[in-house]
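The next block holds one structure in the form of structure tokens; read it before the comments.
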Amino acid sequence: MQDIRDALLIAPNSEGTLVQRPLSPHLQVYAPQITSVLSIMSRVTGIATSIGTLVLVWWLAAAASGPSAFARVQGFLGSWIGLFVLFGWTASLFYHFFGGLRHLAWDAGYGYSLEATHRSGWAAIIATVVATILVWVIGVAVWPR
Amino acid sequence: MSTSTSNRAPAAGAPATINVRRSQLGRVRGAGSAQSGVHHWYVERATAIALVPLTIWFIISILRLVGSSQPAVAHWAGNPINAALLLALVAMTFHHMQLGLQVVLEDYVPDRKRLMSYVLLIKGAALLLGLIAAISVLKLALV
């Protein structure tokens, strides 16, 4: 410790451990925590899910247009890039969904303690993984009919 | 209402009570809250709550439709209940989407004119996408 001001920057982090805090915390220097990472994820998945709505609109418009337009969408969605887009959309929709449930609980006044925040955060991650895998297992299982 | 009575001059001898923590001049000039500050926040939550059951219904429906032909999808969307739920899903999704994207833009675009252009662009795109989706559903349901 060379700078005398560094002594003032020793403080507990959100977990309660004493750490040397950065002078100006920002994304580049701030240690990732489940709270901040999931908050950013909520936004990122919101934007990704928004982009995914283009697939929904295309699919509905093609279904309304007729069998040939519909076959084109199905052809794209069945291709590797289509499946990749669908998988990304499913995962980001599920995270935004479960993260959104956390936000609704907070808005109603529940789950503000650090332990509850961590628990609900991990629950959202696990629920996202489980729901995404479940939907794809079911989807692949019924696909050939 | 207590606010209206409290702003009248107190009767002679009555103790002056102040219930409104705003200056009378501020009220007259219309400065301050327009009483709609929470509207955006509220509608974002209201649409989110609506999307909880609608999204679950949609994912289950899509799983049952995987691999279906166009006539099968058209038949499914032609069911009035499915069509109504699809329209509700489309309306809530695009309304929620443009509200959320607006907040992201407001956080990261400092220039007011650019911000307004982007927000209007997002709202216009959401409106058009929602209309295309809604008209498609209506065509499947009614034609």
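Listed in order, the protein sequences are those of chains X and L. For the first sequence, the numbering used here assigns the number 1 to the initial residue and increments by one for each residue that follows. For the second sequence, the numbering used here assigns the number 1 to the initial residue and increments by one for each residue that follows. The beta carbon of each residue, even a glycine, is placed where N, CA and C say it ideally should be.
Listed along the chain, the chain X residues whose CB falls inside 8 Å of the CB of L:Val104 are Arg43, Gly46 and Ile47. Per DSSP, the continuous alpha helix (DSSP H) segment holding X:Ile40 begins and ends at Ile34 to Ser65.
With fewer than 16 other Cβ atoms inside 10 Å of its own Cβ, X:Glu115 counts as exposed.
Around X:Leu38, no beta-carbon contact reaches into chain L at under 9 Å, the shortest distance being about 16 Å. At a cut-off of 8 Å between C-beta atoms, X:Ala64 counts as an interface residue with respect to chain L. Judged by beta-carbon spacing, L:Ile122 lies within the 8 Å limit of L:Leu101, meaning their Cβ atoms are closer than that value. Annotation for X:Ala91: Thr128 and Thr132 place their beta carbon closer than 7 Å to its own, counting only its chain and skipping 5 residues before and after. Contact between the region 3-21 of chain X and the region 94-113 of chain L is absent, with fewer than three C-beta pairs closer than 8 Å. Taking 8 Å as the threshold, the shortest C-beta distance from L:Arg45 to chain X falls below it.
Straight through space, the alpha carbons of L:Ala126 and L:Val28 are spaced by roughly 38 Å. At a cut-off of 8 Å, the C-beta of L:Met92 has no neighbouring C-beta in chain X. Contact annotation, L:Val143 with X:Val142: C-beta distance approximately 29 Å; criterion of less than 8 Å not satisfied. Residues of the region 108-135 of chain X that bring their beta carbon within less than 9 Å of a beta carbon in chain L comprise Ala131 and Val135, in sequence order. For a cut-off of 8 Å, the C-beta gap from L:Val137 to L:Leu87 is around 5 Å, short enough to register as a contact. Linking X:Leu83 to X:Val73 through their CA atoms gives a straight-line distance of about 12 Å.
Rounded to the nearest angstrom, the gap between the Cα atoms of X:Leu104 and L:Arg45 is 7 Å.
Remark: C-beta atoms of X:His118 and X:Ile34 approach each other more closely than 8 Å.
At the C-beta level, X:Ser42 and X:Gly99 come within 8 Å of one another. Between the C-alpha atoms of L:Ala133 and X:Ile40 there is a straight-line separation of about 29 Å. For the C-beta of X:Gly100, the chain L residues within less than 7 Å are, from N- to C-terminus, Ala48.
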